[in-house]
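Residue numbers (the working numbering), protein chains in the order written: chain W, 1 to 484; chain P, 1001 to 1094. Heads up, the beta-carbon is just placed ideally off N, CA and C, and yes, glycines get one too. Fair warning: this is a prediction, and the values are worked out from it, not measured in the lab.
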């Protein structure tokens, strides 16, 4: 089945003309028809457009004008603008929003000849860790349908795991690519802040948001990153980097690499199976000739708190634009101020409202110093911890999430409990570092467990190389759920 | 109590959100729980620590002041809930 293949496997078949883009797209839609009812990974499917894009890709291949992504069907999280295709952010307030332009990352995918299958489900405005906060529907974990796929890029992770796309784009503000990747047994990469343009990504917390790939293996993540990582004048926070081939050095060895293991990530409350599996991964790295070094990141325990002040503060400001005036849901009223209040109150879901309230409070007169400023100072301490650690090691290895995927409904009524599930991913966004989640093993219940590799700024090549080596040694990347 | 019901109502007004009585009770409770947890930051002495507002220290990004093409009016207004010719219509302000 073509839908089960990776980008690099399909690319080989495409350039030998053993298979056509149209055949791949049709196979994907057959797969979607068979399993989507159970998984519910997508908000919008764009079959007709995909078939048209497949035709264009076919021509390009015949003319020998192709990239590694030409004719490859992929899915895009529904918070990235797609010209002419509804972009909802899984929110009622944007339910009928059709962007007049493409996000830069989407534009680059299209230019490379990729085929977009549809837009994936997520927590509303990317706020959540389970995709249960979607105003559209709940997405199910393909490995165990009564479990969450993680979040907020839960739709993208589930679609990759269920072979409903070859790969996908997600976005990560506090772990939203890495945690669902871990829960669904796929690879998820959050690049260094600024490596992928945020232009056209609906803003949640602008100093933390970053787009990245979710894929079936590390090679695919590197291929996708090579296409979307590019400096962009439309995003003033875009890093001034050169376009490069991240897949090139994957196979170089990791002998001599220094692997840091921070004691603050192996604490009470960390699920025993998760701890065992991650430690197993570290042992495998050790046997590949790396040097394992015990390190300390002393401010780790403060990261969630700082994150849940900074991210909602930025969100409260970013989401002020949803006022019912120029686009989005509007409730008709006689007074302008009532229109703002009613449109926002009926358009936003509870978690979005909670974060807007928390952020507005943290930024309001009299509280700014105690909350927002304090959290931003703690952010400095967290960043310094990492800079110190990278003086003695090349990459850092940790768990992604303290537990495997939890049950649907288990945490949704307790916001604080849900926030604490981000404890190992939040610090990386606060520091702006790159992090990758790699499938590492399975719990006794058959749920995937991931491992997080963190690198210094702009070290994506080293990070991907380390992940590739570990992936080859583990062999877990060929396992797929068997729910169908 | 970190935050009272009256303060929650004030914040709601600032955020242009309205809530039912039941929602206000729930939000006051949940915000209190979250804010109590955030007390944890006070364990850290941070006087003299420079705040980080951005991970990369990029400073002013300049470009030439050149005219570039932008979206036309029709496309820009396509998503407006109410419009009249080239304008967005809103309730009377004065």
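Cβ-based burial, residue i [other Cβ within 10 Å; buried from 16]
| i | result |
| --- | --- |
| residue 1069 (chain P) | exposed |
| residue 62 (chain W) | exposed |
| residue 294 (chain W) | exposed |
| residue 46 (chain W) | buried |
| residue 421 (chain W) | buried |
| residue 178 (chain W) | buried |
| residue 363 (chain W) | buried |
| residue 1071 (chain P) | exposed |
| residue 1047 (chain P) | exposed |
| residue 390 (chain W) | buried |
| residue 1065 (chain P) | exposed |
| residue 209 (chain W) | buried |
| residue 1094 (chain P) | exposed |
| residue 498 (chain W) | Summary: the structure shown does not reach residue 498 (chain W), with chain W confined to residues 1 through 484, and so no result is reported for it. |
| residue 150 (chain W) | buried |
| residue 64 (chain W) | exposed |
| residue 112 (chain W) | buried |
| residue 473 (chain W) | exposed |
| residue 385 (chain W) | buried |
Pair within 8 angstroms by beta-carbon distance, residue i and residue j
| i | j | result |
| --- | --- | --- |
| residue 182 (chain W) | residue 154 (chain W) | no |
| residue 1042 (chain P) | residue 98 (chain W) | no |
| residue 164 (chain W) | residue 35 (chain W) | yes |
| residue 257 (chain W) | residue 395 (chain W) | yes |
| residue 126 (chain W) | residue 176 (chain W) | yes |
| residue 324 (chain W) | residue 340 (chain W) | yes |
| residue 356 (chain W) | residue 315 (chain W) | yes |
| residue 120 (chain W) | residue 50 (chain W) | no |
| residue 124 (chain W) | residue 147 (chain W) | no |
| residue 74 (chain W) | residue 166 (chain W) | yes |
| residue 228 (chain W) | residue 94 (chain W) | no |
| residue 225 (chain W) | residue 246 (chain W) | yes |
| residue 359 (chain W) | residue 313 (chain W) | yes |
| residue 231 (chain W) | residue 240 (chain W) | yes |
| residue 470 (chain W) | residue 438 (chain W) | yes |
| residue 13 (chain W) | residue 1034 (chain P) | no |
| residue 100 (chain W) | residue 7 (chain W) | no |
| residue 426 (chain W) | residue 174 (chain W) | yes |
| residue 1061 (chain P) | residue 236 (chain W) | yes |
| residue 322 (chain W) | residue 349 (chain W) | no |
| residue 122 (chain W) | residue 172 (chain W) | no |
| residue 180 (chain W) | residue 159 (chain W) | no |
Cβ neighbours of residue i in the same chain (closer than 7 angstroms, five flanking residues each side left out)
| i | result |
| --- | --- |
| residue 1019 (chain P) | 1012 and 1027 |
| residue 443 (chain W) | 273, 404 and 449 |
| residue 1001 (chain P) | 1032 |
| residue 24 (chain W) | 2, 10, 71 and 73 |
| residue 301 (chain W) | 264 |
Residues near residue i in its chain [Cβ-Cβ closer than 6 angstroms; skip 5 each side]
| i | result |
| --- | --- |
| residue 428 (chain W) | 435 and 454 |
| residue 221 (chain W) | 187, 189, 213 and 215 |
| residue 162 (chain W) | 35, 39 and 142 |
| residue 381 (chain W) | 299 |
| residue 482 (chain W) | none |
| residue 1086 (chain P) | 1073 |
| residue 1049 (chain P) | none |
Presumed contact (8 angstroms Cβ cut-off) between residue i and residue j, rounded CB distance
| i | j | result |
| --- | --- | --- |
| residue 318 (chain W) | residue 204 (chain W) | 7 angstroms |
| residue 1029 (chain P) | residue 207 (chain W) | Actually they are not in contact, since the Cβ atoms of residue 1029 (chain P) and residue 207 (chain W) sit about 30 angstroms apart, beyond 8 angstroms. |
| residue 1056 (chain P) | residue 432 (chain W) | 6 angstroms |
| residue 116 (chain W) | residue 76 (chain W) | 6 angstroms |
| residue 41 (chain W) | residue 139 (chain W) | 5 angstroms |
| residue 263 (chain W) | residue 238 (chain W) | 36 angstroms between Cβ atoms; not a contact. |
| residue 1052 (chain P) | residue 374 (chain W) | In fact, because the Cβ distance is near 12 angstroms, the residues do not count as touching under 8 angstroms. |
| residue 277 (chain W) | residue 440 (chain W) | 5 angstroms |
Own chain partners of residue i with C-beta closer than 8 angstroms, once the 5 adjacent residues on each side are dropped
| i | result |
| --- | --- |
| residue 102 (chain W) | 81, 82, 83, 110 and 200 |
| residue 1005 (chain P) | 1024, 1025 and 1028 |
| residue 406 (chain W) | 130, 147, 148 and 421 |
Residues of the segment 51-74 of chain W whose Cβ lies closer than 7 angstroms to any Cβ of chain P, in chain order: none
Selection of the segment 372-386 of chain W by Cβ proximity to chain P, strictly under 8 angstroms: 373, 374, 375, 376, 377, 378, 379, 380, 381 and 383
Interface positions of the segment 105-137 of chain W facing chain P (Cβ-Cβ less than 7 angstroms), listed along the chain: none
Residues of the segment 453-465 of chain W with Cβ closer than 9 angstroms to any Cβ of chain P, in chain order: 457
Under 8 angstroms (Cβ pairs) to chain P, residues found in the segment 306-318 of chain W: 306, 308, 309 and 316
Residues of the segment 327-355 of chain W with Cβ closer than 9 angstroms to any Cβ of chain P, in chain order: 327, 328, 329, 330, 332, 333, 334, 335, 336, 337, 338, 339, 340, 341, 342, 343, 344, 345, 348, 350, 353 and 354
The segment 427-441 of chain W: positions lying closer than 7 angstroms to chain P by Cβ: 431 and 432
Positions along the segment 1076-1088 of chain P whose CB lies within less than 9 angstroms of some CB in chain W: 1076, 1077, 1078, 1079, 1080, 1081, 1082 and 1088
Residues of the segment 223-242 of chain W with Cβ closer than 7 angstroms to any Cβ of chain P, in chain order: 233, 236, 237 and 239
Residues from the segment 409-420 of chain W in contact with chain P, defined by Cβ distance under 7 angstroms: 415 and 416
Against chain P: residues of the segment 73-99 of chain W by CB proximity under 7 angstroms: 97 and 98
Interface positions of the segment 1016-1030 of chain P facing chain W (Cβ-Cβ less than 9 angstroms), listed along the chain: 1016, 1017, 1018, 1019, 1023, 1026, 1027 and 1030
Residues in the segment 188-218 of chain W having any Cβ partner in chain P nearer than 7 angstroms: 193, 194 and 207
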